[in-house]
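The next block holds one structure in the form of structure tokens; read it before the comments.
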Amino acid sequence: MSDQHAQTSFFDNVTMGIGAWAWGDRLTWGYGRGYQLADLRAVFETSLAAGIRLFDTAEVYGQGQSETILGQFIKTTEQPVEIATKFMPFPWRLTRGTLLKALRGSLRRLGVSQVKLYQVHMPLPPMNIETWMEAMVEAVQAGLIQGVGVSNYDSDQMRRAYDRLMRDGIPLASNQVEYNLLNRKVEKNGLLKQCEELGIKVIAYSPLAMGVLSGKYSPDNLPGGVRGGRYNQRFVQKILPMLDLLKKIGNDHAGKTPAQVAINWTICKGTLPIPGAKTQSQADQNAGALNWRLSDEEVAWLDAMSDQVLQD
Ligand SMILES: NC(=O)c1ccc[n+]([C@@H]2O[C@H](COP(=O)([O-])OP(=O)(O)OC[C@H]3O[C@@H](n4cnc5c(N)ncnc54)[C@H](OP(=O)(O)O)[C@@H]3O)[C@@H](O)[C@H]2O)c1
Numbered sequence: 000m001s002d003q004h005a006q007t008s009f010f011d012n013v014t015m016g017i018g019a020w021a022w023g024d025r026l027t028w029g030y031g032r033g034y035q036l037a038d039l040r041a042v043f044e045t046s047l048a049a050g051i052r053l054f055d056t057a058e059v060y061g062q063g064q065s066e067t068i069l070g071q072f073i074k075t076t077e078q079p080v081e082i083a084t085k086f087m088p089f090p091w092r093l094t095r096g097t098l099l100k101a102l103r104g105s106l107r108r109l110g111v112s113q114v115k116l117y118q119v120h121m122p123l124p125p126m127n128i129e130t131w132m133e134a135m136v137e138a139v140q141a142g143l144i145q146g147v148g149v150s151n152y153d154s155d156q157m158r159r160a161y162d163r164l165m166r167d168g169i170p171l172a173s174n175q176v177e178y179n180l181l182n183r184k185v186e187k188n189g190l191l192k193q194c195e196e197l198g199i200k201v202i203a204y205s206p207l208a209m210g211v212l213s214g215k216y217s218p219d220n221l222p223g224g225v226r227g228g229r230y231n232q233r234f235v236q237k238i239l240p241m242l243d244l245l246k247k248i249g250n251d252h253a254g255k256t257p258a259q260v261a262i263n264w265t266i267c268k269g270t271l272p273i274p275g276a277k278t279q280s281q282a283d284q285n286a287g288a289l290n291w292r293l294s295d296e297e298v299a300w301l302d303a304m305s306d307q308v309l310q311d
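Under numbering that gives the first Met the number 0, the first residue of the sequence shown is numbered 0, with each subsequent residue one higher.
And the structure:
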């Protein structure tokens with residue numbers, strides 16, 4: 000079996016997932032103020048009903064709360080749920096065994112004996128990439144995880160992870176990176192192409208640019224908290240033509256929303272988006288990014304607009 004084939008089948012029938020960073024996270028997303036557990040339960044149920052089964056979480060989201068909440072919801076459904084979670088290589092984690100210990104903690108919070116995907120959250124020193132991949136091999140062999148992913152790895156780092164896993168015949172399943180119409184770094188620097196060549200799925204995080212591409216924010220109504228620094232008034236002003244184009248293209252598709260168009264664009268680029276949702280209506284809307292496609296021409300218009308608004 001070629002690498003390409005092995006990889007294609009790992010994410011077979013998974014076009015989109017749901018990001019669970021905001022689940023239980025008070026610091027960045029304000030969990031408990033504006034959205035509560037019942038909203039997240041509705042996000043979970045709405046997504047499953049729409050055929051979305053992959054949920055992306057991490058041990059650090061809400062300091063474990065995201066995994067705990069997801070685990071609580073999973074117990075209430077008969078439907079198959081696929082979990083992607085992550086290991087944070089904190090600088091005080093200095094042995095392979097720390098990865099397996101952290102993984103067992105995640106499995107306990109999630110209430111499952113195996114997850115579909117275990118990802119190294121980011122390439123932090125001092126431990127080298129190969130050491131973590133060796134721990135991942137152990138986790139696969141112990142049946143604790145089905146596949147191995149990395150996140151925020153650049154081209155060289157990803158190649159090292161890929162090569163080390165391949166020595167044990169395990170394909171690197173994915174690299175989770177930021178990718179959206181306002182950040183096309185991985186497309187421009189060749190990472191996306193490298194992933195295609197190696198059969199590694201790009202999982203696109205922040206496909207809505209943390210909500211900005213939904214079109215609900217404007218220079219007079221900016222996102223608060225940590226988002227305010229990056230998506231400030233000047234930036235949001237600059238991207239207004241992009242928001243207009245998303246609206247226009249959506250209207251040409253029987254009233255699709257800017258968020259649905261923005262997510263669909265990431266799918267058209269061959270990536271697997273994992274938009275976050277805090278409420279049932281957001282989850283419902285985002286699920287509407289599935290089962291239709293932008294034309295090649297529309298993708299090209301969006302590409303050109305993205306280049307134009309980001310040029311200075
Ligand atoms: N590996 C990593 O380092 C990394 C980093 C970041 C994210 N991630 C993953 O990627 C997932 C998604 O990324 P993200 O949460 O940063 O950004 P995102 O998916 O681009 O944006 C999600 C936020 O946008 C708003 N939103 C979502 N759908 C909407 C809709 N239809 N209409 C209006 N607003 C909507 C909500 O926030 P408001 O309602 O507050 O606007 C929501 O929390 C995360 O949950 C996490 O799983 C991974």
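Ideal Cβ positions, reconstructed from N, Cα and C, are used throughout, including at glycine.
Exercise. What's the call for T76, buried or exposed, on a 16-neighbour Cβ count within 10 Å?
Worked result: By one-based count along the sequence shown, residue 76 stands at place 77. By the 10 Å Cβ count, T76 comes out exposed.
Exercise. Below 9 Å between beta carbons: does that hold for M121 and P88?
Worked result: Working through the sequence shown from its first residue, we reach residue 121 at position 122. Working through the sequence shown from its first residue, we reach residue 88 at position 89. Yes, they are a contact pair.
Exercise. Are V149 and A134 touching if we call contact CB-CB under 9 Å?
Worked result: As a first step, residue 149 is located in the sequence shown; it is residue number 150 there, counting from the start. As a first step, residue 134 is located in the sequence shown; it is residue number 135 there, counting from the start. The answer is no: Cβ separation not under 9 Å.
Exercise. Quick one: what's Q118 bridged to in DSSP?
Worked result: Taking the sequence shown and counting its residues from 1, the one referred to as residue 118 is at position 119. According to DSSP, Q118 bridges with K85, G148.
Problem set entry | ligand 1 heavy atom lying under 8 Å from the CB of W131 | Residue numbering aside, residue 131 sits at position 132 when the sequence shown is read from its first letter. No, Cβ of W131 sits at least 8 Å from all heavy atoms of ligand 1.
Problem set entry | Cutoff 6 Å; reference G63; Cβ partners in own chain excluding five residues on either side | Position 64 of the sequence shown, counted from the first residue, corresponds to residue 63. R108, listed in sequence order.
For this session: Flag A160 as yes when its Cβ comes closer than 8 Å to any non-hydrogen atom of ligand 3, and as no otherwise.
Result: Ligands in the displayed structure: ligand 1; ligand 3 is not one of them.
Exercise. Quick one: is the Cβ of L212 within less than 8 Å of any heavy atom of ligand 1?
Worked result: For the purposes of this step, residue 212 is identified with residue 213 of the sequence shown, where counting begins at 1. Answer for L212: yes, Cβ within range of ligand 1.
For this session: Specify whether the segment 37-53 and the segment 244-264 touch according to this definition: at least 3 beta carbon pairs, one from each stretch, less than 8 Å apart.
Result: no
For this session: Please classify S65: does DSSP put it in a helix, a strand, or coil?
Result: Looking up residue 65 in the sequence shown gives position 66. Helix.
For this session: Could you tell me the boundaries of the alpha helix (DSSP H) in which I248 lies?
Result: Taking the sequence shown and counting its residues from 1, the one referred to as residue 248 is at position 249. That run of the alpha helix (DSSP H) goes 239-251.
For this session: Name the residue from Q140, A203, A141, G104 whose alpha carbon lies nearest to the alpha carbon of Y152.
Result: For the purposes of this step, residue 152 is taken as residue 153 along the sequence shown, with counting starting at 1. For Y152, the nearest C-alpha among the options comes from A203.
Problem set entry | Where K200 falls: helix, strand or coil (DSSP) | Start at 1 with the first residue of the sequence shown, and residue 200 comes out as number 201. K200: strand per DSSP, three-state reduction.
Exercise. Can the beta-carbon of T130 be found less than 9 Å from the beta-carbon of K85?
Worked result: Residue numbering aside, residue 130 sits at position 131 when the sequence shown is read from its first letter. Residue numbering aside, residue 85 sits at position 86 when the sequence shown is read from its first letter. Contact: no.
For this session: State the Cα-Cα distance for the pair A101 and F72, rounded to the nearest angstrom.
Result: Working through the sequence shown from its first residue, we reach residue 101 at position 102. Working through the sequence shown from its first residue, we reach residue 72 at position 73. Near 21 Å, if we compare the C-alpha coordinates of F72 and A101.
Problem set entry | Start and end residues, alpha helix (DSSP H) containing A160 | Counting from one through the sequence shown, the residue named residue 160 turns up at place 161. That run of the alpha helix (DSSP H) goes 154-165.
For this session: Under 7 Å Cβ to Cβ from S316, same chain only, skipping five residues before and after it: list those, please.
Result: Residue 316 falls outside the range modelled here, since the chain spans only 0 to 311, and no answer is possible.
Problem set entry | Beta-carbon proximity of N263 to L293, cut-off 9 Å | The sequence position of residue 263 within the sequence shown is 264, counting from 1. The sequence position of residue 293 within the sequence shown is 294, counting from 1. A contact, by the Cβ cut-off of 9 Å.
Exercise. DSSP on L36, reduced to helix/strand/coil?
Worked result: Against the sequence shown, residue 36 aligns to sequence position 37. The answer is helix: DSSP assigns L36 an H, G or I state.
Exercise. When you compare each of G146, Q193, G210 to P170 by their alpha carbons, which one comes out closest?
Worked result: To locate residue 170, count along the sequence shown from 1; it is residue 171. Looking at the Cα atoms, G146 is the closest of the given residues.
Problem set entry | Nearest-angstrom Cα separation, counted from L181 out to N220 | For the purposes of this step, residue 220 is taken as residue 221 along the sequence shown, with counting starting at 1. For the purposes of this step, residue 181 is taken as residue 182 along the sequence shown, with counting starting at 1. Taking the straight line joining both Cα atoms gives about 18 Å.
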